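K.L.:
Pasting a structure here, questions to come.
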Amino acid sequence: MKILLQFPEGLKKNALSEAQKLEKEGHEVYVSSSSCYGACDLPMDEARTLQIDKVIHFGHSKFIQKGLPFDVEYREYYADIDVEKLKEAIPSLEGKKRIVLVTTVQHIPQLEQMKSFLEKHGKEVLIGKGCFTAHSGQVLGCDPTAATSVSKDADAILYVGDGKFHPTGIRSELPIFSLNPYSGQCRKINEEIERIRKRKKGMMLKALECRVFAILLSTKPGQLCIRAAQDAKKKLQAAGFTAEILVSNEFNPVSIGNFPQFECYINTACPRADEDSELFDKPIINAVDLDEFLKLYVESGSG
350 MKILLQFPEG LKKNALSEAQ KLEKEGHEVY VSSSSCYGAC DLPMDEARTL
400 QIDKVIHFGH SKFIQKGLPF DVEYREYYAD IDVEKLKEAI PSLEGKKRIV
450 LVTTVQHIPQ LEQMKSFLEK HGKEVLIGKG CFTAHSGQVL GCDPTAATSV
500 SKDADAILYV GDGKFHPTGI RSELPIFSLN PYSGQCRKIN EEIERIRKRK
550 KGMMLKALEC RVFAILLSTK PGQLCIRAAQ DAKKKLQAAG FTAEILVSNE
600 FNPVSIGNFP QFECYINTAC PRADEDSELF DKPIINAVDL DEFLKLYVES
650 GSG
């Protein structure tokens, strides 16, 4: 079988050993060296060019399985933690009985242990399911809904994992805590999330001054939203704006900066791309927020 291996940056150190294992089994093996930003980002060009039979994607849970010209196998990567580190979150959760617990795929095998630990400390633990996630209790950067799907009667949300990319995507009025299971640091991150929300609102206000829009359409298989791009173009044109669709596998400030006529970007790709607006030096509005922007445009008296 002709196999293409794909790794996110942090796991590329494992590429040689994984390739050698498969070659010993008689497979013809290739390794993608392209950047990989998640389970949505499969190496389509390499796979088509090499006529690959199967892509093995390491590090993320199952995301895309249908509509591809090759088979895909997702191999999850796990990182064990000391569940006792959750004791560092207990003071922050004082007075809060019902806790929504979420984590990333790396720690999913220990989710039940985390739940039991919190229950031993008198907490009632709620575990929800995201729209696009493979596991209950799992959050993605683009899908934090496991945190909000069961939060109606909760008192707080606890995210267990390192980094802030995943927890800052959560949108809730509840107290949201992020526990790093390696350092033991537990932080309330609502203010950080609110800063992100205000920055998005600021981009909309800045976009009110713009007349020419570029709609960003990604060809990554898990981000390809042709209908959303077409709908965005129609809505903008109907409101009197000039709009065109820019297509790319990966958008970066240099490449789209060479289109100086465009004053604002409507993003149909990764919904977290708008958080990198300072790199592009122009407003970025997610397609799902376009109606809100157009309403603001009318209310401002510009439309």
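Count the sequence shown with the numbering used here and you get residues 350 to 652, in order.
The C-beta atom is built at its ideal place from N, Cα and C for all residues, glycine as well.
Predicted model only: the values in this text are computed from it and were never measured.
Going by Cα to Cα distance, which pick from E461, V449, Y531, L371 is closest to I506?
P.N.:
Distances from the alpha-carbon of I506 to those of E461, V449, Y531, L371 put V449 closest.
K.L.:
Give me the DSSP bridge partner(s) of T398.
P.N.:
Its beta-bridge partners do not exist; DSSP assigns none.
K.L.:
Using a Cβ-Cβ cutoff of less than 6 Å, which residues in the same chain neighbour L643 once the five nearest sequence positions on both sides are dropped?
P.N.:
A588
K.L.:
Mapping the DSSP letters down to three states, classify A495 as helix, strand or coil.
P.N.:
helix
K.L.:
Output yes or no for whether 8 Å exceeds the beta carbon distance between E425 and I405.
P.N.:
no
K.L.:
Classify G444: buried if its beta carbon has 16 or more other beta carbons within 10 angstroms, exposed otherwise.
P.N.:
exposed
K.L.:
Are N616 and I634 close, meaning C-beta to C-beta below 8 Å?
P.N.:
yes
K.L.:
Grouping DSSP H, G and I as helix and E and B as strand, with all else coil, what is A342?
P.N.:
Lying outside 350 to 652, the shown extent of the chain, residue 342 is not represented and no answer is given.
K.L.:
Can you tell me the Cα-Cα spacing of T517 and K373, whole angstroms?
P.N.:
Rounded to the nearest whole angstrom, the CA to CA distance from T517 to K373 is 43 Å.
K.L.:
To the nearest angstrom, how far is the alpha carbon of V474 from that of G408?
P.N.:
If you take the alpha carbons of V474 and G408, they lie about 27 Å apart.
K.L.:
Compare the Cα-Cα distances from K351 to each of T398, S366, C535 and report the closest residue.
P.N.:
T398
K.L.:
Take every Cβ of the region 529-539, pair it with every Cβ of the region 605-622, and state whether three or more of those distances are shorter than 8 Å.
P.N.:
no
K.L.:
Does the region 485-493 touch the region 540-559, meaning 3 or more C-beta pairs lie closer than 8 Å?
P.N.:
no
K.L.:
Expressed to the nearest angstrom, what Euclidean distance is found between the alpha-carbon atoms of R576 and D390?
P.N.:
19 Å
K.L.:
Could you check if H470 is buried or exposed, using at least 16 other CB atoms within 10 Å of its CB as the buried criterion?
P.N.:
exposed
K.L.:
When the distance is taken between beta carbons, is F466 closer than 8 Å to L435?
P.N.:
yes
K.L.:
To the nearest angstrom, report how far apart S649 and M553 are at their CA atoms.
P.N.:
Rounded to the nearest angstrom, the two C-alpha atoms are 11 Å apart.
K.L.:
Could you pull the DSSP bridge partners for E593 from this structure?
P.N.:
A563
K.L.:
For the alpha helix (DSSP H) that L467 lies in, which residues bound it at each end?
P.N.:
460-469
K.L.:
Let me know the secondary structure DSSP gives H406 once reduced to three states.
P.N.:
DSSP places H406 in strand when its eight states are reduced to three.
K.L.:
Let me confirm a value: G345 is counted as buried when at least 16 other C-beta atoms fall within 10 Å, else exposed. Which label applies?
P.N.:
Residue 345 is absent from the structure shown; the chain starts at 350 and stops at 652.
K.L.:
Can you say whether V499 is buried or exposed, counting buried as having 16 or more other CB atoms within 10 angstroms of its CB?
P.N.:
buried
K.L.:
For V561, which residues in the same chain have their Cβ closer than 6 Å to its Cβ, ignoring the five residues on either side in sequence?
P.N.:
T591, Q610, F611, E612
K.L.:
Below 7 Å CB to CB, which residues in the same chain sit around K582 once its five sequence neighbours on both sides are set aside?
P.N.:
I564, A592, I594
K.L.:
Tell me which same chain residues have a C-beta within less than 8 Å of the C-beta of Q414, skipping the five on either side of it?
P.N.:
Short of 8 Å from the beta carbon of Q414, and not among the five residues preceding or following it, lie these beta carbons of its own chain, in chain order: V421.
K.L.:
Can you give me the start and stop residues for the beta strand (DSSP E) that D420 sits inside?
P.N.:
420-424
K.L.:
For T452, which of helix, strand or coil comes out of DSSP?
P.N.:
The three-state secondary structure of T452, taken from DSSP, is strand.
K.L.:
Give me the DSSP bridge partner(s) of K478.
P.N.:
S485
K.L.:
In the structure shown, what three-state DSSP assignment does A505 receive?
P.N.:
Judged by DSSP in its simplified three-state form, A505 adopts strand.
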